Amino acid sequence: MRDQCIRCGRELTPDETALYKKLVNRGAEEFCCISCLSQHFRVDEGLLYEKIEQFRRQGCTLFS
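Read left to right, the sequence shown gives residues 83 to 146 (the working numbering).
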């Protein structure tokens with residue numbers, strides 16, 4: 083089964099799933115896409131993409 087956004091139904095990328103786990107709940111089994119997550123946190127999508135790269139550079143194992 084493919085992961086889909088719980089708000090809009092869009093298919094998720096592995097980075098979106100990892101970001102949701104990092105920012106919301108590491109044990110989550112349902113996830114939001116970048117667009118819906120940015121609306122939830124009231125931040126620009128670009129900031130979330132920057133955070134993905136930051137976490138990756140820091141060696142976070144959630145991000146491949």
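The beta-carbon is built from N, C-alpha and C at its ideal position, and this holds for glycine as well. Note that the structure is a prediction, hence the values are computed from the model and not measured.
(1) Where LEU129 and LEU119 are concerned, what is the direct C-alpha to C-alpha distance, given to the nearest angstrom?
(2) Could you check what DSSP says for GLN140 in three-state terms: helix, strand or coil?
(3) According to DSSP, is PHE123 helix, strand or coil?
(4) Considering Cα atoms alone, identify which of CYS90, GLU112 and ALA100 is closest to GLU135.
(5) For GLU98, which residues in the same chain have their Cβ closer than 6 angstroms to its Cβ, ignoring the five residues on either side in sequence?
Looking at the atomic coordinates:
(1) Each residue's Cα considered, the two are about 11 angstroms apart.
(2) It is coil, neither helix nor strand.
(3) Here PHE123 sits in helix by DSSP.
(4) From the listed residues CYS90, GLU112 and ALA100, the smallest Cα separation to GLU135 is found for ALA100.
(5) Closer than 6 angstroms at the Cβ level, and outside the excluded window around GLU98, lie CYS115 and ILE116.
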